[in-house]
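The next block holds one structure in the form of structure tokens; read it before the comments.
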Amino acid sequence: MPETMKSVSEYAGKYLTFQLSGEVYGLEILKVQEIMGLMPVTHVPRTPDFIRGVINLRGKVIPVIDLRLKFGLIGKDDTEKTCIIVVQVRHEQGSLTIGVIVDEVCEVIDLKGEQIEAAPSFGVGVNTEFILGMGKLGQKVLTMLDIDKVLASGELNLLETTAA
Amino acid sequence: MAKAARKPRLPSLRKSLNQICEQLVLVDLSDLQALAAMHTATGELAAGLETSHGPAAGALREAGQWLERIIMAEVVPAEGWGQVGRLLAAAQAVVCEGADPVQAGLVAAPVAAADAPPAFAPLPGNVDEAILGEFLARQPAVLEEIEQQALALERVPGPEPARELRRVIHTLKGEAGLLGLTEVETLCHAIESALEREGTAVTDTLLEARDWLAKVWAAREGGGEPPAGLERLLERLAAPAAESVPLTADPDLVGEFVAEAREHLEATDVHLMTIETEPSDGEALAAVFRAFHTIKGVAGFLALEEIGRLAHQSENLLDRARRGEVTLAGPVIDVVFDATDAMKRMVGTVEQALRGQGGLVPEPGLDLLLERIGQAAAGTLKAAAEMMVGTEGPVRRLGEILVETGAASSEGVARALAAQATQPEPERLGTLLVREGEARPRDVVQALRSQRGGAGEASAPVEVRETIKVDTDRLDRLIEMVGELVIVESMVSQSRELRENLSPALARSLAQLDKITRELQEMGMALRMVPLRSTFQKMARLVRDLARKSGKAVELALVGEDTELDKTVVDRIGDPLIHMIRNAVDHGIEPDAQARRAAGKPETGRVELRAFHKGGNIHIEISDDGRGLDPEAILAKARERGLVREGEQLSEREIYGLIFEPGLSTAKKVTDVSGRGVGMDVVKRNIEELRGQVEVTSERGRGSTISIRLPLTLAIIDGMVVRLGGERLIVPTLSIVRSIRPRPEELSSVFGRGEMISVQGKLVPLVRLDDVFGRAGHQRAAADSIVVIVEDGSGQAGLLVDELLGQQQIVIKSLGDYLKGTPGISGGAIMADGRVGLILDVSSIVRLAQADGEREEAVV
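So the sequence lines, in the order shown, correspond to chains H and V. For the first sequence, the numbering used here gives the first residue as 16, with consecutive numbering after it. For the second sequence, the numbering used here gives the first residue as 609, with consecutive numbering after it.
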């Protein structure tokens, strides 16, 4: 299906790859603001489990999401390699700065159009709604995340209903 | 065809037009000679182009007029320059490039009369959404200025404020013309003509025009229908006013008269102030008399009838004073001051007429003034202020000025005021101060002068501060970054690695860095601070309208409009203020003058709006000298509404506090402005949202005062840092009643309602935050905890915490959209170690605790 191919190859570009529970994921580099080591996180009560809490990012308070819990993976103790990737996500009212906790940050890669395939409709432990496409890197395959959708979708509303 | 006939000359004309356009870029605006040369050139060109390019010639002539105005310093040079540029460019486009005159925007130069609406085609590519948007964004400020100037004009009629208003209207007219807003242009033109014709215009019509403009802008922004009513406005503006009289006498003689009169009047001011302090100074009195006498003589000779009348009447009064039949003190000397001021304005009008700017405009309010002078001479004058109806400008008190300039101590002024209050016939404060040796005469005179200067003369040069408008987002971003800098700075300078290797030079540099960072932070905070002035001045209009509507005579005094507050607070304090001012005018001030007279008060009601700093807070007070609150009526009403139980004893303060309860209005009569029982509760809520407090004091028959206390900025609160398990939480100090270490006998468990603590005989429910937050926490016994009693609108609760860590100023940080609305938490704060502490939202915690309790109850 050439049309799908075309729309998927639009996602060609630089990606930051990271590991979560042994799998490799990619984030559009333009969404990434910075990467920082894990720091003490202040837990905010009455929020969903996957919200680890808030941190002080140079004077700004930003929420931090545990991506493992968000994706329904088994939680794991933090290691030395555990990182917070600070991303800028789009949101109806503008942009949000959010920290994302991942197991390990790998590298920045350049994905070409032909290396990208549409997301399979099933067979991955992740809701395909959050996926831009699959990137092929030699033998390995990485999941390209649509971070806007991951962080700004349904769950936010869920939070709002809890609040109400 | 005419073009063909003139062909031989046209190229040279084109050439000189191009030359002028080039000069536009090169010329220095302060180079008057170059400007004059351009003026001549445009005139010649216009003459040459008259037959071939009528519209272009018109544009050139108009450009010439603008140049003239720049040279005469009648307009802001840059503004006039813009007009010249626009007109020349259009002429150039038509003449040299053959553009269509309509397209170039020349056909409907603003000379067009009001009855022939110019079909103003927008300049090609000139008017796009962005330009219009930018124009509209500036309009609220312009409207405000129109309103202020119109009110100023009413207060102090005269050529100066009128000129100021004309400037504003003229600019607006020009811009509206550029943007093709024909209706607005027509209206502005009519206002301008009215102002030019009368020197002043009816304030009501001006204000109506302002409101009409506001509707136009609203319609433009919202894409709605333009408002109706323009014709009526135009008609009213076109109504002939008092006719101006042309100057008939010999210009040379008149010129001499103006110069001489000025001199006399200036000397008069000084003499009057001497008399003010030394009523027995015969020499000064004689000098004042001579001044008016001379003016009278010359005015009669020059057929300046009005000036003659005023001088004559004043002379009569002064003559009686000279013969000791009238004492120049109190209201009488005020009248002489007013006469001097009016005389100055009238001489100013003569001078303007002399320069060819209109005829002699009658001085508004002259008859009233003449009458007052007559009364003064007859000894039947009441206090001057009583004669004035309407709004009163910010008249500062003599005592305040003296204390401010350090000429007298505040205790001294207070002593003198107290002495004044006990006198059967109060002396003037200045006199008292001098006699008691609290201040030197010279200082009093100076203070008096500055007081008069502030209230009376609009012609005093106003210092224009340069401002730049900045996007709020950008500003907030800057402040945020400064905040980040502050934190990083403290992290760096306090880092252990650095401290261990600290050389004296490095230490010095660090100290310097620290100082600059702190200054930067303070400045950042100051950036968001704006003066209350414009909010306060809006109230002047409100009081005026309300007074008109209710038929009461009310004056509004503004004090401390320069007090600065966070922009957000200033924006949001307007509505509550409007409510309270309405209440003061509508309910506070007695409905008729008789009632006031009977109560021994001046007939004109007084509402005072004050703002000042005190103890790290901003205080705003609204006081009126009206009837005051009726505690019994309030209490009766509250009982009727079930707000207070029968037999419950309340202090006066608590009773007054009841007026902030919803649904409590003691107004006997519902009017269309207030008294529907909504208002004060909304006021209280609005102010509490701004983290402020509001309180009423009142004295039956003497008036009431509403005091508002607001934090300097919304971004900082006082907070108590408490520890709970491994977490630090912040409780806003404002909501803490007290903190106690409970004794076992004070604690009790009430079935179905959980743990309670008895505080001064009252049972207060205890709140375990871990339960409220729905998490498993350590459950320390209440007796081992510290109980922080907090209070919100609905009641008290005791928060169980492990330890109080101390009180500090907390910079509030939002948790962001992602976590907005988290129950129990109102925000975050960066603690000293760089971690985030959560700020408790007390009222939502109390609510949550109650809800949980009820759920448990239901289960039981």
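Don't be surprised by glycine CBs; every beta carbon is placed ideally from N, CA and C. Just so we're clear, the structure is a prediction, and the values are computed from it rather than from any experiment.
Notebook entry, point to check: Which runs of the alpha helix (DSSP H) fall wholly inside the segment 1189-1250 of chain V and span at least 4 residues, in chain order?
Noted result: Counting only unbroken stretches of 4 or more residues, the alpha helix (DSSP H) elements lying wholly within the segment 1189-1250 of chain V are 1201-1206, 1239-1248, in sequence order.
Note to self: Helix, strand or coil for V/I1420? Go by DSSP, reduced to three states.
What the structure shows: V/I1420 falls in the coil class under three-state DSSP.
Notebook entry, point to check: In this structure, what does DSSP give as the bridge partners for V/D596?
Noted result: Residue 596 of chain V falls outside the range modelled here, since chain V spans only 609 to 1468, and no answer is possible.
Checklist line | Neighbourhood of V/Q627 by C-beta, 7 angstroms cutoff - its chain only, sequence neighbours within 5 removed | finding: Taking C-beta separations shorter than 7 angstroms and ignoring five residues to either side along the sequence, V/Q627 has no partners in its chain.
Notebook entry, point to check: Taking Cβ positions only, does H/I116 come closer than 8 angstroms to chain V?
Noted result: Not one chain V Cβ lies under 8 angstroms of H/I116.
Check: Going by DSSP, which residues form a beta bridge with V/Y1264?
Finding: Partner(s): none; V/Y1264 has no beta bridge.
Notebook entry, point to check: Does the beta carbon of H/V101 sit closer than 8 angstroms to a beta carbon anywhere in chain V?
Noted result: Judged by the 8 angstroms Cβ criterion, H/V101 is not in contact with chain V.
Check: Applying a beta-carbon distance threshold of less than 9 angstroms, which residues of chain V neighbour H/V123?
Finding: Annotation: H/V123 has no Cβ neighbours in chain V at a cutoff of 9 angstroms; minimum Cβ distance is about 26 angstroms.
Margin query: Determine whether the beta carbon atoms of V/I754 and V/L773 lie at a separation below 8 angstroms.
Written below: Contact flag set, yes.
Next item on the list: Label V/G932 either buried or exposed according to how many other C-beta atoms from any shown protein chain fall within 10 Å of its C-beta, with 16 as the threshold for buried.
Entry: Burial call: exposed.
Next item on the list: Could you work out which residues of chain V lie near H/L157, taking near to mean beta carbons separated by less than 7 angstroms?
Entry: For H/L157, no chain V residue has a C-beta closer than 7 angstroms to its own C-beta; the minimum C-beta separation is roughly 26 angstroms.
Margin query: With the cut-off set at 8 angstroms, would you say V/S1312 and V/L1237 are in Cβ contact?
Written below: Going by beta carbons, V/S1312 and V/L1237 fall inside the 8 angstroms limit.
Note to self: Below 8 angstroms on the Cβ atoms is my contact criterion, and I expect V/S922 with V/I981 to pass it. Report the Cβ-Cβ distance as a whole number of Å.
What the structure shows: With 8 angstroms as the limit, V/S922 and V/I981 qualify as a contact, their Cβ atoms being about 6 angstroms apart.
Item checked: Counterpart residues of V/G1362 in DSSP-defined beta bridges -> Its beta-bridge partners are V/V1358.
Check: Using the beta-carbon of each residue, which ones in chain V are nearer than 7 angstroms to H/R61?
Finding: In chain order: F1381, G1382, T1430, P1431, G1432.
Next item on the list: Have a look at the DSSP bridge pairing and note the partners of V/I1087.
Entry: Answer is none; V/I1087 lacks a bridge partner.
Next item on the list: Could you name the residues of the segment 1439-1455 of chain V whose beta carbon sits closer than 8 angstroms to any beta carbon of chain H, in the order they occur along the chain?
Entry: Taking 8 angstroms as the Cβ-Cβ cut-off against chain H, the residues of the segment 1439-1455 of chain V that qualify are G1442, R1443, V1444, G1445, L1446.
Notebook entry, point to check: Nearest to V/Q757 by alpha carbon, out of V/L744, V/W689, V/R771?
Noted result: The candidate whose alpha carbon is nearest that of V/Q757 is V/R771.
Next item on the list: From the DSSP output, in three-state form, read off V/D1179 for me.
Entry: When secondary structure is reduced to three states using DSSP, V/D1179 falls in the helix class.
Next item on the list: Find the residues of chain H that neighbour V/G1436, judging by a C-beta separation of less than 7 angstroms, and give them in chain order.
Entry: Going along chain H in sequence order, the residues near V/G1436 (Cβ under 7 angstroms) are V69, V76.
Notebook entry, point to check: Between the segment 1378-1398 of chain V and the segment 58-72 of chain H, are three or more C-beta pairs nearer than 8 angstroms?
Noted result: With the rule of 3 Cβ pairs closer than 8 angstroms, the segment 1378-1398 of chain V counts as touching the segment 58-72 of chain H.
Check: Tell me which same chain residues have a C-beta within less than 6 angstroms of the C-beta of V/L978, skipping the five on either side of it?
Finding: Apart from sequence neighbours up to five positions away, the residues of its chain that approach V/L978 with a beta-carbon distance below 6 angstroms are Q921, ordered along the chain.
Check: Under the three-state reduction of DSSP, which class applies to V/F897: helix, strand or coil?
Finding: V/F897 falls in the helix class under three-state DSSP.
Checklist line | Per-residue DSSP class, three states only, for V/L910 | finding: DSSP places V/L910 in coil when its eight states are reduced to three.
Note to self: In the DSSP assignment, the alpha helix (DSSP H) including H/F33 goes from what residue to what residue?
What the structure shows: Counted as a single uninterrupted DSSP element, the stretch harbouring H/F33 is not any alpha helix (DSSP H) but the beta strand (DSSP E) occupying residues 28-35.
Notebook entry, point to check: Are the segment 1254-1270 of chain V and the segment 1299-1311 of chain V touching by the rule of at least three beta carbon pairs closer than 8 angstroms?
Noted result: In the pairwise beta carbon analysis, the segment 1254-1270 of chain V is classified as touching the segment 1299-1311 of chain V: at least three pairs are separated by under 8 angstroms.
Note to self: Taking CB distances under 8 angstroms as the criterion, tell me whether H/P55 reaches chain V.
What the structure shows: Output row for H/P55: interface = yes.
Notebook entry, point to check: With a cut-off of 8 angstroms, does the C-beta of H/L160 fall near any C-beta of chain V?
Noted result: At a cut-off of 8 angstroms, the C-beta of H/L160 has no neighbouring C-beta in chain V.
Margin query: Need the endpoints of the beta strand (DSSP E) that V/G1403 sits in, please.
Written below: First-last of the beta strand (DSSP E) with V/G1403: 1403-1409.
Checklist line | alpha helix (DSSP H) segment containing V/Q1145, residue limits | finding: 1141-1158 is the span of the alpha helix (DSSP H), which, as asked, contains V/Q1145.
Next item on the list: Look at V/I1338 and V/G1445 and say whether their C-beta atoms are less than 8 angstroms apart.
Entry: Yes, Cβ-Cβ distance for V/I1338 and V/G1445 is below 8 angstroms.
Check: How many Å lie between H/V117 and H/K46 at the Cα?
Finding: About 15 angstroms.
Next item on the list: Could you have a look at H/P78 and say whether DSSP puts it in helix, strand or coil?
Entry: Assigned with DSSP and collapsed to three states, H/P78 falls in strand.
Next item on the list: Kindly list, in the order they appear in chain H, the residues whose Cβ is closer than 9 angstroms to that of V/K1209.
Entry: The premise fails here: V/K1209 is roughly 53 angstroms from chain H at the closest Cβ pair, so nothing lies under 9 angstroms.
Margin query: Between V/E658 and chain H, is the shortest Cβ-Cβ distance under 8 angstroms, so that the two count as touching?
Written below: The beta carbon of V/E658 does not come within 8 angstroms of any beta carbon belonging to chain H, so the residue lies off that interface.
Notebook entry, point to check: If we count the other Cβ atoms within 10 Å of its Cβ and call it buried at 16 or more, is V/H1123 buried or exposed?
Noted result: The question names His, but residue 1123 of chain V is Lys in the sequence shown. Its Cβ having fewer than 16 others within 10 Å, V/K1123 is exposed.
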